[in-house]
Amino acid sequence: MAIEKAQPTPDDEAQWYVVHAYSGHEDKVKKNLEKRIESMDMQDKILQVLVPMEDEIEIKDGKRRHVQKRIFPGYILVKMKMSNESWFVVRNTPGVTSFVGSANSPVPLQEKEVRAIQKQMKQEAPKIRVEFQVGEAVRVVDGPFTDFHGKVDEINPEKGKLKVLVNMFGRETPVELDLLQVEKVH
83 MAIEKAQPTP
93 DDEAQWYVVH
103 AYSGHEDKVK
113 KNLEKRIESM
123 DMQDKILQVL
133 VPMEDEIEIK
143 DGKRRHVQKR
153 IFPGYILVKM
163 KMSNESWFVV
173 RNTPGVTSFV
183 GSANSPVPLQ
193 EKEVRAIQKQ
203 MKQEAPKIRV
213 EFQVGEAVRV
223 VDGPFTDFHG
233 KVDEINPEKG
243 KLKVLVNMFG
253 RETPVELDLL
263 QVEKVH
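Numbering (the working numbering), first residue to last: 83 to 268.
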């Protein structure tokens, strides 16, 4: 299939393109594509394959875990010099469903979009993923209020803290707790 040349670039410069892949298979698609690039001798046309990831701290069952999370599930980024040949190699890689853009004319990312994605990937402090919501019923599992029940009033993910309204002395009293000190009431 002949593709229309994406906007011409000076000196046939490589650009970043977004490729749609089966969700959950991004790493496998990346490996498959890298093998195809090597076996088809396309290293000078397809320069880099990237699955954008960011670090997160997940708090589950009272434990903190560092996890890597895909920034764009179902998508990978490919830095390439667009041609019929390079398009064919990427498009026919197992697990790739399409390029983002029209079928015959993939649209490259703008430089500012690429910089924003790279900045998000290089974030110093990992994001904290909070499994609680305001108004949700919780039970305190650690500290001086162990076994007290309450409901979440405020969430501060940056500090890893919750403000919980605990029922004490016949009234709701706000108590600041660490995310690890509470669990959801099922």
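C-beta atoms are modelled at their ideal positions from N, C-alpha and C, and glycine is treated no differently.
Judging by CA-CA distance, which residue of the options is the nearest neighbour of residue i?
i, options, result
"D117", "G156, P176, V216", "The amino acid occupying residue 117 in the given sequence is Lys; Asp does not appear at that position. For K117, the nearest C-alpha among the options comes from P176."
"P188", "V196, H148, N166, M250", "N166"
"E218", "I237, M122, V171, H107", "I237"
"M135", "M124, V182, H148", "H148"
"G225", "V196, K209, F251, D260", "D260"
"V234", "R197, V248, R146", "V248"
"M124", "V212, K194, F251, M164", "M164"
DSSP on residue i, reduced to helix/strand/coil?
i, result
"E240", "coil"
"M203", "helix"
"E218", "coil"
"D260", "strand"
"A198", "helix"
"G95", "Per the sequence shown, the amino acid found at residue 95 is Glu instead of Gly. Note: E95 maps to coil in three-state DSSP."
"E193", "helix"
"E265", "strand"
"D235", "strand"
"E254", "strand"
"V223", "coil"
Going by the beta-carbon positions, is the gap between residue i and residue j smaller than 7 Å?
i, j, result
"K241", "E258", "no"
"P239", "Q97", "no"
"K151", "Q130", "no"
"L132", "L159", "yes"
"S105", "G183", "no"
"G232", "V216", "no"
Below 8 Å on the Cβ atoms is my contact criterion, and I expect residue i with residue j to pass it. Report the Cβ-Cβ distance as a whole number of Å.
i, j, result
"I153", "Q205", "At roughly 10 Å, the Cβ-Cβ gap does not stay under 8 Å, so I153 and Q205 are not in contact."
"V101", "V178", "6 Å"
"L262", "I141", "6 Å"
"E265", "V223", "5 Å"
"V171", "I210", "Not really, about 40 Å apart at Cβ, beyond 8 Å."
"V220", "F214", "7 Å"
Determine whether the Cβ of residue i lies closer than 7 Å to any Cβ atom of chain C.
i, result
"F251", "Of the protein chains in this structure there is only one, and it is not chain C."
Practice task
Could I get the ranges of all uninterrupted alpha helix (DSSP H) runs contained in the stretch 107–189, with 4 residues as the minimum, in chain order?
Solution key: With a minimum length of 4 residues, the continuous alpha helix (DSSP H) runs that stay inside the stretch 107–189 are 108–121, 166–173.
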